[in-house]
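For reference, the structure discussed in these notes is given below.
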Amino acid sequence: MSNVLSTPPATSAEAAAHFAARLRYETDVSDVHADLEARVPGLFVVDSRSREAWQQGHLPGAVHLPTGEIAARAAELIPAGSVVVTYCWGPGCNGSTRAALEFAKLGYQVKEMIGGYEYWVREGLPVRAGGDVIRRPVDDLTAPSLGIVCGC
78 MSNVLSTPPA TSAEAAAHFA ARLRYETDVS DVHADLEARV PGLFVVDSRS
128 REAWQQGHLP GAVHLPTGEI AARAAELIPA GSVVVTYCWG PGCNGSTRAA
178 LEFAKLGYQV KEMIGGYEYW VREGLPVRAG GDVIRRPVDD LTAPSLGIVC
228 GC
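Counting from 1, position 104 in the sequence shown corresponds to residue 181 in the working numbering; the numbering is continuous, with no gaps.
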């Protein structure tokens, strides 16, 4: 008996609908980095973590807006009609999911950056910490160590 097939897989049509829907709700650190570098208009990346976490390091170009402040402050920081990408610490934290929900309730189009700050750092992407922009070495379990894109 197969462990994988103990629950039958979805039909191809069901699978296509499922994976297409996931891509409507999620994005990854590589795509966010590319869009920040390209300065895509109308796209706002929001760090939903605490002030202490923000000060420890954050994505260059991100807006700091802790989840608990979104309802009160989103309109002053994020223009209506913008697309918002939320992030928090990483896969073990659902703060970006809660932040995305808050933005959706306010009428924003929103995606969640899977991997969060952890995978941004692990992929060797730039981080603003204090007044400096730094990069940590690439974790070769998350990205090619030669600094090229994964080609996914």
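Glycine is no exception: its CB is placed at the ideal position from the N, C-alpha and C atoms.
Keep in mind that this is a model prediction, so the values were computed, not measured.
Coil, strand or helix - residue i by DSSP
i	result
T84	coil
V109	helix
T219	coil
Cβ shell of residue i (< 7 Å), same chain only, five flanking positions each side left out
i	result
P214	G201
L154	V140, L142
Residue i beta carbon near the ligand MN (any heavy atom closer than 6 Å)
i	result
Y164	Annotation note on the ligand MN: not contained in the displayed structure, which lists no ligands.
Where residue i falls, given that 16 or more other Cβ within 10 Å makes a residue buried
i	result
I211	exposed
K188	buried
E129	exposed
T84	exposed
R199	buried
T144	buried
W179	Strictly speaking, residue 179 in this sequence is Glu, with Trp absent from that position. Classification for E179: buried.
A93	exposed
A87	exposed
R69	Shown here, the chain extends from 78 to 229; a query on residue 69 therefore has no answer.
G208	exposed
A90	exposed
Residues near residue i by beta carbon distance below 6 Å, same chain, minus five either side
i	result
H110	L202
H135	D124, R205
L120	D112, V160
R175	T144
Beta-carbon proximity list for residue i, same chain, < 8 Å, skipping 5 on both sides
i	result
P168	I191, G192, G193, E195, Y196
A152	L183
V81	none
Problem - Segments assigned alpha helix (DSSP H), at least 4 residues, entirely inside the stretch 134 to 204 - result: Counting only runs of 4 or more, we get 147 to 154, 172 to 182, 193 to 199.
Practice task
May I ask you to verify whether the stretch 84 to 100 touches the stretch 159 to 169, counting CB pairs closer than 8 Å and requiring at least 3?
Solution key: no
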